[in-house]
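Structure record follows, encoded as structure tokens.
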Amino acid sequence: KHGVMPARYSASSTLGSKCVEHALWNGFNPVFKMQIGPKTGDPTKMTFDELFDACIEQFKVIHWEGCKIRNISRWVEEEIGRPMLSSGWEECIETGKNAFQRREYGNNWLTTFIWTDGWDAMAALKKLVYDEKKYTMEQV
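In terms of UniProt numbering, the sequence shown opens at residue 1 and continues consecutively.
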């Protein structure tokens, strides 16, 4: 009846491993075939520290975009509402508000999925490309 969030999921989700992919492709997304992230440079000419910084830059941009999209979604939720979700809560029926107009219970967190895969990939690159020199960045 009272004290629940409109939805128990993160407000916005991003993919941590995509940041590494974008750094390796200079901000280009090979799946969508378009420039999505900032151009952070040619990874074949980077030191490991420069590649790491490029990943962090991609990470910042992806999260900033995720926050902007979530803020737009908040406005849409208030304007359009969720009638089916709201109909299950007595408080919403009593007040006539939709579930997303109840701002006292927010879901304002941003979740990054598969971020460990991205950092695992960076550890593998450090070992195999930069330390042991078993592969080159061109081969990757």
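The C-beta atom is built at its ideal place from N, Cα and C for all residues, glycine as well. Only a predicted model underlies this, so the values are computations on that prediction, with no experimental measurement involved.
Asked                                                                                                  : Found
Per-residue DSSP class, three states only, for F48                                                     : helix
Environment of V129 [buried if 16+ CB atoms lie within 10 Å]                                           : buried
Proximal residues to S17 (C-beta, below 8 angstroms), its chain only, five neighbours per side dropped : I114, W115, D117, G118 and A121
N- and C-terminal bounds of the alpha helix (DSSP H) containing L85                                    : P83 to S86
Paired residues, beta bridge with Q35 - DSSP                                                           : F28
Contact check, T14 vs I62, beta carbons under 7 angstroms                                              : yes
Under the three-state DSSP convention, the category residue 141 falls into                             : With the chain covering 1 to 140 only, the question about residue 141 has no answer from this structure.
Cβ-Cβ distance between A99 and C55 below 7 angstroms                                                   : no
Inter-residue Cα distance where the pair is R70 and F48                                                : 33 angstroms
P38 beta carbon less than 7 angstroms from that of M137                                                : no
Buried/exposed call for residue 141, threshold 16 Cβ in 10 Å                                           : Because the chain here runs from 1 to 140, residue 141 falls outside it and cannot be looked at.
Inter-residue Cα distance where the pair is P83 and I72                                                : 19 angstroms
Where T40 falls: helix, strand or coil (DSSP)                                                          : coil
Exposure of F32, with buried meaning 16 or more beta-carbon neighbours within 10 Å                     : exposed
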